[in-house]
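Enquirer: Throughout the sequence shown, residue numbering follows the UniProt record's numbering, covering 1 to 500 in sequence.
Note that the Cβ used here is the ideal one computed from N, Cα and C, for glycine as well.
Quick caveat, the model's predicted, so the values are computed rather than measured.
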Amino acid sequence: KSKILMTVDNKPHVELEPLMHYSNSNMNYNDETNSTGRANSTLVESLISNTSVERPNKTKTQRNVVIALAVSLISGLVSGTLYGFGRYSRDLKDTLMLTQYQIERFGILLDTGNYIGHPITGLVYDRLGPRISCLSAAVIVFCAYGMIQLGVIRHITAHWIFDTSFFFVGLGSGLGYIAALGSTTKNFQSSRHFSLAIGIVASGYGLSSTIVGLSYHAVGLNRFFLLWAVLVAFGNLLGSCYLVVPNEDEEKTNEEEMDEEGANDSLQNNANEEVPSEAHRSEQIFAAEWNDWREKDFWLLFFAFAGCTGCGLFIINNISTMVQSIQGNDSFAAKLVVLLSLSNFSGRLLMGFLADLPRVSKMVMLASTALVMAAALFLSAMAQPDSASVCLIITVALIAAAYGGTWVLVVGILSDFFGNHNFGKNYGLIAMGPALSGMLFNTFSAWTYEKYTPIDSEVCLGKNCYYMSFLLTGSAAILSCMVSSLLECSRRQSSVLGNT
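1. Cutting at 6 angstroms between CB atoms, please list the residues of its own chain near W407, excluding the five before and the five after it.
2. Among F234, A180, L340 and G86, which has the Cα closest to the Cα of I140?
3. Between which two residues does the alpha helix (DSSP H) containing S415 stretch?
4. Can you name the start and end residues of the alpha helix (DSSP H) that S341 belongs to?
5. I need the straight-line Cα distance from V44 to Q189, nearest angstrom please.
6. CB C134 to CB F168, shorter than 9 angstroms?
7. Quick check on this structure: which residue in H193, F162 and L207 has the alpha carbon closest to the alpha carbon of F225?
8. Identify which residue in K296, K425 and S75 has its Cα closest to the Cα of M230.
9. For my contact list, L354 and V360 are in at a C-beta cut-off of 8 angstroms; report their separation, rounded to the angstrom.
10. In three-state terms, what does DSSP make of Q493?
11. Measuring only the C-alpha atoms, how far is R127 from T121?
12. What residue range is occupied by the uninterrupted alpha helix (DSSP H) comprising L377?
13. Do the CB positions of G107 and N329 come within less than 9 angstroms of each other?
14. Whole angstroms is fine: what's the gap from N114's alpha carbon to P434's?
15. Does the Cβ-Cβ distance between A374 and S475 come in under 9 angstroms?
16. Of all the options L377, A304 and L238, which has the alpha carbon lying nearest to the alpha carbon of F314?
17. Among N291, V66 and S380, which one has its Cα closest to the Cα of N464?
18. Rounded to the nearest angstrom, what separates R294 and L300 at their Cα positions?
19. Identify whether P454 lies in helix, strand or coil by the three-state DSSP scheme.
20. Kindly indicate which three-state DSSP category Q189 falls into: helix, strand or coil?
21. Quick check on the burial criterion: 16 or more other C-beta atoms within 10 angstroms. Buried or exposed for M97?
22. For N222, count neighbouring Cβ atoms within 10 angstroms of its own Cβ and tell me buried if that reaches 16, exposed if not.
23. If you measure between the beta carbons of T453 and Y466, is that distance less than 9 angstroms?
24. Between M432 and I116, how many whole angstroms is the CB-CB distance? I'm expecting something under 8 angstroms.
25. By Cβ distance below 8 angstroms, which residues in the same chain neighbour E261 in space, the five residues on each side in sequence not counted?
26. So, at 8 angstroms on beta carbons, what are the nonlocal neighbours of H193 in its own chain, with the 5 sequence-adjacent residues on each side left out?
27. Should G220 be labelled buried (16 or more other beta-carbon atoms within 10 Å of its own) or exposed?
28. From this set, T95, A180, E104 and L243, which residue's C-alpha is nearest G86's C-alpha?
29. Put Y466 into one of helix, strand or coil per three-state DSSP.
30. Do L409 and F423 have their beta-carbon atoms positioned less than 9 angstroms apart in this structure?
31. Note down, in chain order, each residue of its chain lying with its Cβ closer than 7 angstroms to the Cβ of L472, except the 5 sequence neighbours on either side.
32. Return the CA-CA distance between H159 and L392, expressed in angstroms with no decimal places.
33. Considering only residues of the same chain and omitting the five flanking positions on each side of Y145, which have a CB-CB separation below 8 angstroms?
34. Identify, in the order they occur along the chain, each residue of the same chain with its Cβ nearer than 8 angstroms to the Cβ of L110, setting aside the five sequence neighbours on each side.
35. Are the segment 479-498 and the segment 316-327 touching by the rule of at least three beta carbon pairs closer than 8 angstroms?
36. Based on Cα-Cα distance, which residue from L349, L181, N426 and S195 lies nearest to D297?
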């Protein structure tokens, strides 16, 4: 009997006169009518609550989310410079007169800082939020790239300076990217376009190597690192200003209320027991935060993801020397870097779109990407000298697309399996997998490259330079496919048992 009216200032006004008139004319209603009246009152209060959000505020929130997504894309673009390492590694090796093992070590430390540093950066993001994370990333990467540029200009021979600087470039880049990714995950966690939003941010990360290649061609080695020190700092400073999570305080309040309700229920069910101390309660909360890491499925996902991404890093870090081994020129290497970047970009967008489709299993898609990687790597392993260039083009395109898609899939899988509350820590540990597998594969490839390099030369030519490395990484991709399939079967079996 009530009516909700909208006033001139767009605020709700509830007219209760019909309900009040009914009450005054029927003073002797029974208990059932009382119950109905209370239900009507509750309904009215609910309607008031639901219509109390003003449209301008909703529009403002949507605008903030769009701005945050755009800034996250920019942060992704400036945080993926490690993918461009293969573009300048050959010139850096010649300028500093390094061996193949030494230049490989720089690439390994770059990946290690990015991926092994993720548990630290994830914890920083979870505790301090996106703004402090982006500000810290700006300072770290600016200083690290600045030291590398100084070392190149002055031809510094102390390699530990480059080792440390490349490690911190990776660490700072990872911190900025996880802030962008975490903000997007929370902004779109209830949206049906969740994976597509993640794919957009991740595609910027993948497209970074194209921008790195174009900028390197334009400015050369003498100004390249200084340019990117400024660009990365600028992108992360934007993130520190605009990356926010809507209703963050409200979400925390709701979580605290749920914790209190759970604690009260526990106390009511155990009335005769003593009230747990604050220290004991803190221990329980701390233990609950790390429960995800104790699950078998988490570690199966860890190994499946590590195998796929390690194969991608093997290709990314060795493009220049692979081209050199088949006697290709620098122009061909530059084109392959652009192809890698575009394929990486496309794979992330495509996988983000596919992962949002109903009835599509993300684990099956992860197994499929591993199978594609294996086929591409075995293709280059079996390539003959007259077809080596074509096979390498196909391998780079397929590996880059599958590699990029894997990074989008793992975010959705983590969200589906373990939720978003501890996203930073979970993503941080999962991202250690590529560092370990990448370090293993790149170290092995450097060893085999040096093994087949003539004593009187520093350049390896021929099929043998990377033949064993292609076989090893292809086998790892097959193993990742098997682990992904096992995890999918395990989850389906658990789901069937749960429904039963």
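Expert: Looking at the coordinates:
1. As a first step, residue 407 must be located in the sequence shown, where it is residue number 407. Closer than 6 angstroms at Cβ, skipping near neighbours: A202.
2. Sequence index remark: in the sequence shown, residue 140 carries index 140 (1-based). I140 has its Cα closest to that of F234, out of F234, A180, L340 and G86.
3. Start at 1 with the first residue of the sequence shown, and residue 415 comes out as number 415. Residues A388 to F418.
4. Here residue 341 corresponds to residue number 341 of the sequence shown, with the count starting at 1. S341 -> alpha helix (DSSP H) spans D330 to A355.
5. As a first step, residue 44 must be located in the sequence shown, where it is residue number 44. As a first step, residue 189 must be located in the sequence shown, where it is residue number 189. Residue confidence is low: V44 scores 42 on pLDDT, short of 50, so the model does not pin down where it sits. Its coordinate-derived value is still stated next. Roughly 30 angstroms between the two C-alpha positions.
6. Indexing the sequence shown from 1 puts residue 134 at position 134. Indexing the sequence shown from 1 puts residue 168 at position 168. No; because the gap between Cβ atoms is not below 9 angstroms, this pair is not in contact.
7. Position 225 of the sequence shown, counted from the first residue, corresponds to residue 225. The residue with the shortest Cα to Cα distance from F225 is F162.
8. Sequence index remark: in the sequence shown, residue 230 carries index 230 (1-based). Per the sequence shown, the amino acid found at residue 230 is Val instead of Met. Taking the Cα of V230 as reference, the smallest distance to any Cα among K296, K425 and S75 is reached at S75.
9. Here residue 354 refers to the residue found at position 354 of the sequence shown. Here residue 360 refers to the residue found at position 360 of the sequence shown. Correct: roughly 6 angstroms between the Cβ atoms.
10. As a first step, residue 493 must be located in the sequence shown, where it is residue number 493. Under the three-state reduction of DSSP, Q493 is assigned to helix.
11. One-based indexing of the sequence shown puts residue 127 at position 127. One-based indexing of the sequence shown puts residue 121 at position 121. Distance between the alpha carbons of R127 and T121: 10 angstroms.
12. Looking up residue 377 in the sequence shown gives position 377. Counting along the chain, the unbroken alpha helix (DSSP H) around L377 starts and ends at K362 to A381.
13. On the sequence shown, residue 107 is found 107 positions in, with the first residue counted as 1. On the sequence shown, residue 329 is found 329 positions in, with the first residue counted as 1. No. Outside cutoff.
14. For the purposes of this step, residue 114 is identified with residue 114 of the sequence shown, where counting begins at 1. For the purposes of this step, residue 434 is identified with residue 434 of the sequence shown, where counting begins at 1. So the alpha carbons of these two residues sit roughly 9 angstroms apart.
15. The count along the sequence shown starts at 1 and reaches residue 374 at position 374. The count along the sequence shown starts at 1 and reaches residue 475 at position 475. Note that the C-beta distance between A374 and S475 is below 9 angstroms.
16. Sequence index remark: in the sequence shown, residue 314 carries index 314 (1-based). Checked all of L377, A304 and L238; the closest Cα to F314 is L377.
17. Start at 1 with the first residue of the sequence shown, and residue 464 comes out as number 464. The shortest CA-to-CA distance from N464 to any of N291, V66 and S380 is the one to S380.
18. To locate residue 294, count along the sequence shown from 1; it is residue 294. To locate residue 300, count along the sequence shown from 1; it is residue 300. If I take the Cα positions, the gap works out to 11 angstroms.
19. Here the question's residue 454 lines up with position 454 in the sequence shown. Secondary structure at P454: coil, using DSSP grouped into helix, strand and coil.
20. Against the sequence shown, residue 189 aligns to sequence position 189. Residue state for Q189 is assigned as coil, using DSSP reduced to three classes.
21. As a first step, residue 97 must be located in the sequence shown, where it is residue number 97. Taking every protein chain shown into account, the CB of M97 has fewer than 16 other CB atoms within 10 angstroms, so this residue is exposed.
22. Sequence index remark: in the sequence shown, residue 222 carries index 222 (1-based). Answer is exposed; the Cβ neighbour count stays below 16.
23. By 1-based counting over the sequence shown, the position of residue 453 is 453. By 1-based counting over the sequence shown, the position of residue 466 is 466. A distance of 9 angstroms or more separates the beta carbons of T453 and Y466.
24. Position 432 of the sequence shown, counted from the first residue, corresponds to residue 432. Position 116 of the sequence shown, counted from the first residue, corresponds to residue 116. A Cβ-Cβ distance of about 5 angstroms is found for the pair M432 and I116, placing them in contact under the 8 angstroms criterion.
25. One-based indexing of the sequence shown puts residue 261 at position 261. Low per-residue confidence applies at E261: pLDDT is 47, beneath 50, and the placement is therefore not dependable, though the value from the model is reported in the following sentence. So no residue of the chain qualifies.
26. For the purposes of this step, residue 193 is identified with residue 193 of the sequence shown, where counting begins at 1. Around H193: D356.
27. Taking the sequence shown and counting its residues from 1, one reaches residue 220 at position 220. By the neighbour-count criterion, in which 16 or more other beta carbons inside 10 Å mark a residue as buried, G220 falls on the exposed side.
28. Mapped onto the sequence shown, residue 86 falls at position 86. That would be E104, whose Cα lies nearest to the Cα of G86.
29. As a position in the sequence shown, residue 466 is number 466, starting the count at 1. Residue state, collapsed to three classes: coil.
30. For the purposes of this step, residue 423 is taken as the residue at position 423 of the sequence shown. For the purposes of this step, residue 409 is taken as the residue at position 409 of the sequence shown. The answer is no: Cβ separation not under 9 angstroms.
31. In the sequence shown, residue 472 corresponds to position 472, counting from 1. So the list reads F441 and F444, once near-sequence residues are dropped.
32. The residue given as residue 159 occupies position 159 in the sequence shown. The residue given as residue 392 occupies position 392 in the sequence shown. Taking the straight line joining both Cα atoms gives about 32 angstroms.
33. Taking the sequence shown and counting its residues from 1, one reaches residue 145 at position 145. Answer for Y145: S165, V169, F225, L226, W228, A229 and V232, listed in chain order.
34. By one-based count along the sequence shown, residue 110 stands at place 110. Cβ neighbours of L110 beyond the five flanking positions: L82, F85, F166, F167, V169 and G170.
35. Contact fails: fewer than three Cβ-Cβ distances are below 8 angstroms.
36. Mapped onto the sequence shown, residue 297 falls at position 297. Nearest option by C-alpha distance: N426.
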